Every structure is written in C-alpha cells, then in structure tokens.
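Each residue of the sequence shown is one higher than the last, beginning at 1 in this note's numbering.
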Amino acid sequence: MVPNTENDHQENALRFAVLQNLYYSGRRDEFDNGLKQWRAEAPKSPFTRYLQAIVARHQLAPKSMWARDYESGLECGLRHPAPPAHVKRWDGSHAGSRSITVWAEEGLGDFVRHARHIPSIKEYCDEVVVHVPQKILPLIQNSFPECRITSSHEDAIKSDFHVASGSLDGFFWAAKSNPQSSGYLSAQASEGAAAADPKTLKVGVCSRSTKLAWDRDSNYTNLAALSPIFQSERFECHSLQYTYDDKEIMAANRAFSRPVISYPQFDFFNDITTLSNIIVSLDMVIATSTLVADLAAALGVKTWRFHAIPGQKLISGANNSDILDISDPNPGRSWYGNCTTIAYRGEQDTWDDFFAAVASHL
C-alpha cells in the first residue's frame with residue numbers, strides 16, 4: 001500500500017531508516033522483531049518489501065529472492081531519481097537495435113559501484129545512454145567512450161528503454177562473481193600529487209563526509225585521529241576531505257611525522273574529475289563510507305574502507321590480528337571491488353586503537 005499523505009510517507013521513511021540502521025549495526029534481533037511487526041501491520045507495503053530485498057541482497061541471496069522487491073524502493077520514493085513514470089522500463093531482455101538509458105541514482109558512491117555493469121548493457125542494445133549529474137559526467141565519459149553520457153533530462157528521455165542504476169545488480173550480479181571488479185573507471189594521474197621522496201607511500205585520506213546524520217556520524221573522524229598511521233615516515237598523508245579546514249590540517253601536522261598535503265584550491269565535492277586524477281596518482285586510499293572510497297576502488301587504487309559497528313565489538317585493539325576478519329567472509333565485502341579491504345571499529349574501540357590496528361596491516 002502506497003502512503004496517501006506526506007506525513008505517512010515521512011513516518012514510513014523514518015521507520016525504514018531506523019530498522020535499516022538496526023540491521024547494519026548488528027542488532028539483528030531488534031531488526032527482526034521490528035520488521036515482523038511492520039509486515040503484520042502493512043503486509044503489502046513497498047517499504048517492507050524494499051527493506052527485505054536490501055537484507056536478502058546483503059546476505060548474498062540469489063537474485064530471484066530480492067531483485068523484484070528491490071524495485072519497491074522506486075515505488076516508495078527511497079531510490080531516486082527514478083526514471084520518469086511514463087517511460088518503458090527495461091526488463092533485462094535484448095532490445096535489438098534500440099537504445100537504453102541508465103539513470104544514475106543518488107548517492108554517487110552507489111552509482112560508481114553500479115557503473116561496473118555499464119559495459120554489459122551494450123550487449124543488449126545498439127546504444128547505451130547514461131544520465132548522470134554534471135559533476136561526474138567527464139569521468140564517466142572518459143571511462144565509457146562507447147556510451148553516450150549526458151546530464152540532459154530531455155536527451156536521456158528519448159531512449160526506447162530506461163533503467164535505474166541500482167536495478168543493474170538484479171540483472172548482472174551474482175554471488176559467485178565476488179569479489180566484484182575494480183579499475184573500471186579511468187582518470188589521468190595528477191603530477192601535483194607526487195611525493196617528495198619516491199620511497200614514501202602516498203596515502204589519500206577522507207575520514208568524514210559533508211552529509212551528517214544520526215546513523216552515519218559514528219563512521220567519521222578528523223585527520224589527526226589517523227596519527228597511529230602517519231607517525232611513521234613511510235606514509236605521506238594527502239587530504240581528500242571534501243571541505244578544507246585549516247585547524248584540522250594544523251592539528252594533523254602536529255601529530256604526523258610529515259606535513260599533510262592538502263588541496264584547498266579544489267572543491268572535491270563538486271570537482272570529481274580533479275579528485276579522481278589525484279586519487280590515481282596515490283599509492284593507497286584510506287576512507288570511511290564516502291564517494292572517495294568507492295571512487296578509489298573503481299579507479300583501481302588500493303583502498304582501506306573503515307566502518308564503525310556500534311552494536312558489535314569486532315576489534316579489541318592494536319594487538320588483535322582479526323581486524324580484517326579474513327577467515328569469516330563478510331557479506332558487506334562482496335559489494336566492493338577486489339582493491340578494497342574493509343576494517344570495522346567495534347563499539348569499545350577508540351580511534352587510536354583502531355588505526356593502530358590498521359597500521360599494523362599496512
């Protein structure tokens with residue numbers, strides 16, 4: 001049942017966000033009970049169908065168990081922008097000599113992961129059109145020259161068939177193909193990111209986003225928190241923070257053995273081409289859940305992605321060799337390329353303990 005009022009939609013969207021956070025924070029019993037109650041109250045709700053699909057996909061269930069319900073995210077307005085309502089949706093079948101438009105969904109980090117499937121679509125039609133925000137258009141154009149990339153709604157709408165980028169996993173992804181591919185995006189290395197000492201490893205860092213929310217803040221910290229890594233002269237920190245903060249840079253310089261290389265002249269939030277060019281000139285990127293982490297892996301750069309898990313204690317300090325949890329495959333890892341290593345900070349771990357543990361594995 002689709003909500004009838006704006007208040008209904010807001011209440012359902014909030015309830016969805018609370019349950020999704022319970023799931024990803026490891027509070028599975030609370031999540032199961034909450035979802036069970038919601039399904040009993042509204043068995044046909046697109047919100048509950050979409051939530052169930054997200055969980056089934058995360059747990060590497062076969063596509064037949066989640067792909068159809070995943071489309072409910074478009075119905076309830078939690079996946080956007082959706083293809084216009086009046087256009088013909090692509091169902092994954094061969095389109096012959098006709099054209100297919102892929103609509104990039106927000107956020108851009110998700111779209112970057114979906115973009116790995118773009119070359120596969122070309123096998124199903126004569127022309128692939130990709131509708132993207134202007135700020136990522138040059139990168140996508142450079143990466144997929146065989147496709148027509150546009151930021152014009154009027155241009156994109158002319159195709160015969162249309163598909164939201166998040167739906168591509170339902171057509172092309174399979175658990176057996178994990179880990180996913182990396183290096184499918186292309187950028188030009190920036191000479192300005194060269195290290196003064198060729199023996200020094202250049203490490204890009206993005207430890208926070210511009211988007212703050214109650215379910216995301218525990219993943220974010222400042223540059224100085226990474227001092228257990230950058231106290232070593234082996235590593236040179238290149239700040240890839242979206243916004244330049246002079247006080248943050250000064251605090252990090254006091255804690256690090258080498259000065260931070262920063263780029264205050266660039267707006268990394270809007271200038272994704274320059275951001276990508278700098279990333280491919282680095283040896284490694286350490287980032288929280290941001291576009292930077294997704295871009296780095298998609299560009300083929302070794303990436304450490306860190307997450308906080310408020311409901312679990314997965315890391316107990318610098319001496320814990322299980323930080324990577326290599327022996328126990330984590331479903332979350334399957335959605336990232338083989339350039340990505342995921343490290344989890346447990347509920348009781350300080351940032352010092354956590355990054356000391358990361359440093360021991362670099």
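Where is the CB? At the ideal position from N, CA and C, for every residue including glycine.
Note that this is a predicted model, so its numbers are computed, not measured.
> Do you know offhand how far M250's Cα is from E154's?
Replying inline: As a working mapping, residue 250 is identified with position 250 in the sequence shown. As a working mapping, residue 154 is identified with position 154 in the sequence shown. The alpha-carbon atoms of M250 and E154 are separated by roughly 47 Å.
>> Quick check: L108 and L185, are their CB atoms within less than 8 Å of each other?
In response: Indexing the sequence shown from 1 puts residue 108 at position 108. Indexing the sequence shown from 1 puts residue 185 at position 185. Not in contact: L108 and L185 (Cβ atoms no closer than 8 Å).
> Between which two residues does the beta strand (DSSP E) containing G204 stretch?
Replying inline: Position 204 of the sequence shown, counted from the first residue, corresponds to residue 204. Element bounds for G204: 201 to 206.
> From which residue to which residue does the alpha helix (DSSP H) around E41 run?
Replying inline: What you label residue 41 is simply residue 41 of the sequence shown in a count that begins at 1. Where E41 is concerned, the enclosing alpha helix (DSSP H) stretches over 28 to 41.
>> According to DSSP, Y386 sits in a beta bridge with which residue or residues?
In response: Here the chain has residues from 1 to 362 only, and residue 386 is not among them.
> Which residue's Cα is closest to the Cα of A67: W173, F306, Q348?
Replying inline: Numbered from its first residue, the sequence shown carries residue 67 at position 67. The shortest C-alpha separation from A67 is found at W173.
>> When you compare the CB positions of T303 and A297, do they come within less than 8 Å of one another, or not?
In response: For the purposes of this step, residue 303 is taken as residue 303 along the sequence shown, with counting starting at 1. For the purposes of this step, residue 297 is taken as residue 297 along the sequence shown, with counting starting at 1. Against a cut-off of 8 Å, the Cβ pair of A297 and T303 comes out as a contact.
>> Buried or exposed, going by whether 16 or more other CB atoms sit within 10 Å of the CB of R254?
In response: Taking the first residue of the sequence shown as 1, we reach residue 254 at position 254. Label assigned to R254: exposed.
> Which residues mark the beginning and the end of the alpha helix (DSSP H) in which W351 is found?
Replying inline: The residue you call residue 351 lines up with position 351 of the sequence shown. Segment 351 to 359, the alpha helix (DSSP H) holding W351.
>> Could you pull the DSSP bridge partners for S149 from this structure?
In response: To locate residue 149, count along the sequence shown from 1; it is residue 149. In the sequence on display, residue 149 carries Ile and not Ser. Paired residue(s): V130.
> Going by other Cβ atoms of all chains shown within 10 Å of its Cβ, with 16 needed for buried, is H114 buried or exposed?
Replying inline: Taking the first residue of the sequence shown as position 1, residue 114 is located at position 114. The residue in question, H114, is buried, as its Cβ has 16 or more Cβ neighbours within 10 Å.
> Taking the alpha carbon of S151 as the point to measure from, which residue in F161, V132, S159, L139 has its own alpha carbon closest?
Replying inline: Working through the sequence shown from its first residue, we reach residue 151 at position 151. Nearest of F161, V132, S159, L139 to S151, Cα basis: V132.
> To the nearest angstrom, how far is it from the Cα of A82 to the Cα of K44?
Replying inline: Within the sequence shown, numbered from 1, the residue matching residue 82 stands at position 82. Within the sequence shown, numbered from 1, the residue matching residue 44 stands at position 44. About 21 Å.
>> If I follow the unbroken beta strand (DSSP E) through E236, where does it start and stop?
In response: Working through the sequence shown from its first residue, we reach residue 236 at position 236. Here the beta strand (DSSP E) through E236 covers 235 to 239.
> Going by Cα to Cα distance, which pick from G26, D8, C76, I279 is closest to G204?
Replying inline: Taking the first residue of the sequence shown as 1, we reach residue 204 at position 204. Checking every option, the nearest Cα to that of G204 belongs to I279.
>> Please return the same chain residues whose Cβ sits closer than 6 Å to the Cβ of N7, not counting the five positions on each side in sequence.
In response: Looking up residue 7 in the sequence shown gives position 7. Around N7: no qualifying Cβ.
> Who are the near neighbours of A164 in its chain, counting only those whose CB is closer than 7 Å to its CB and skipping five residues on each side?
Replying inline: Locating residue 164 in the sequence shown gives position 164, counting from the first residue. Contacts found: L74, R79, A82, P83, W103, E105.
>> Can you find the residues in the same chain that come closer than 8 Å, C-beta to C-beta, to P228, ignoring five residues on each side of it along the sequence?
In response: For the purposes of this step, residue 228 is taken as residue 228 along the sequence shown, with counting starting at 1. Only A318, D352, F355, A356, V358, A359 meet the Cβ criterion.
> If V292 and L226 are in contact, beta carbons under 8 Å, what's the gap, nearest whole angstrom?
Replying inline: Stepping through the sequence shown from its first residue, residue 292 is reached at position 292. Stepping through the sequence shown from its first residue, residue 226 is reached at position 226. About 14 Å separates the two Cβ atoms, so there is no contact after all.
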